[in-house]
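If you're matching positions, the sequence shown starts at 2 in the working numbering and goes up one per residue. Where is the CB? At the ideal position from N, CA and C, for every residue including glycine. Computed from a prediction, not measured in an experiment: that's the story for all the values here. Have a look at the structure below, then the notes.
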Amino acid sequence: MPKLVRLYIRHVLIGFAIAAAFVAMLLWFNVMNLWHLISTSDVGVLALIILWFAHGIVFAGVQFGLAVMSMAEPPKGGSGGKRQQAVRGEAQAIRVPVRQDSDPRS
């Protein structure tokens, strides 16, 4: 299996595990009475699976994005371009000619 596919699968599984822990904490701390809603409903198991799956997609995407972005090598050499000093002084008004016969609405 290619390394990129293994990297993707590993970090997606990590993301879904984090999502499971997050949903468990939501239920444990009873956020917005979520434990009561899921435990007393006849479709509570389905709601729990959908809640975990939706959070899993988000956390897996973030986890894989962080993994890919952390693979970048630090830039070598300079600090990123030539910095020119701004000229300090008085601001001066510049006259801009405008034709009188021009109508901006036309």
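Proximity below 9 Å, CB of Phe60 to CB of Phe23: A Cβ-Cβ contact shorter than 9 Å links Phe60 with Phe23.
Per-residue burial, Gly16 [other beta carbons within 10 Å of its own, 16 or more giving buried]: buried
Go ahead and pull the three-state DSSP assignment for Arg11. helix
Spatial distance of Val69 from Ala48 (CA atoms): Rounded to the nearest angstrom, the two C-alpha atoms are 32 Å apart.
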